[in-house]
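Okay, structure first, notes after.
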Amino acid sequence: MAQAAPVSPASGAPRTPDVFGERTHAIARWAVPAALGLVYGYWAAAITRYGGPITGWNVLFGFVCAIVFAALLMGVSRLAPLMKRELHAVVWGAFAGCAVGFLFSQSGASVLSSSLMGLVAGAGVFLGAFYRYYTHEDAAGHRVG
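In our numbering, the protein residues as written are 7 to 151.
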């Protein structure tokens, strides 16, 4: 039996299949940051409780943290891909470092240790993101392969 061979895109590079539709991606652009924001807010509220009872201020603090985290995550995920790969990695590293440093500071740690923890986490995310973008993009920021 003769079957038609798959046709590659005009650029010559094979594309990975898109399993989800455009509607699913549009929903995910809002749902993923919202879900991660709720997890982050719950985590921040749980740290500030110090094992005590849940109060209204504690719940409010958690929701405010969730909203701010989700908004920043949506902003970074929309704006960072428009930048060059080096700055793209710096933005994700700074976001992760600030998020981790803030959570660590809620435990009652000093500003110096919170800053150090944020810098370590941010540097790790920067290195991982830079490696990924350096190996998957050309100098202009276009995906390779």
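Ideal Cβ positions, reconstructed from N, Cα and C, are used throughout, including at glycine.
In the structure shown, Gly107 adopts helical secondary structure according to DSSP, grouped into three states. Fully enclosed alpha helix (DSSP H) runs of no fewer than 4 residues occupy 62-85 of the segment 29-101, in order along the chain. A residue is called buried when at least 16 other Cβ atoms come within 10 angstroms of its Cβ; Gly57 does not meet this threshold and is exposed. Within the same chain, Cβ atoms closer than 7 Å to the Cβ of Ala86 are found at His94, Val97, Trp98, the five residues on either side in sequence being excluded. In the structure shown, Val126 adopts helical secondary structure according to DSSP, grouped into three states. Between Met80 and Leu44, the alpha-carbon positions lie close to 14 Å from each other.
Taking the Cα of Leu118 as reference, the smallest distance to any Cα among Ala127, Gly128, Gly107 is reached at Gly107. Ala50 places its beta carbon less than 8 Å from that of Leu109. When secondary structure is reduced to three states using DSSP, Ala115 falls in the coil class, being assigned neither helix nor strand. One alpha carbon belongs to Phe75, the other to Phe69, and they sit about 10 Å apart.
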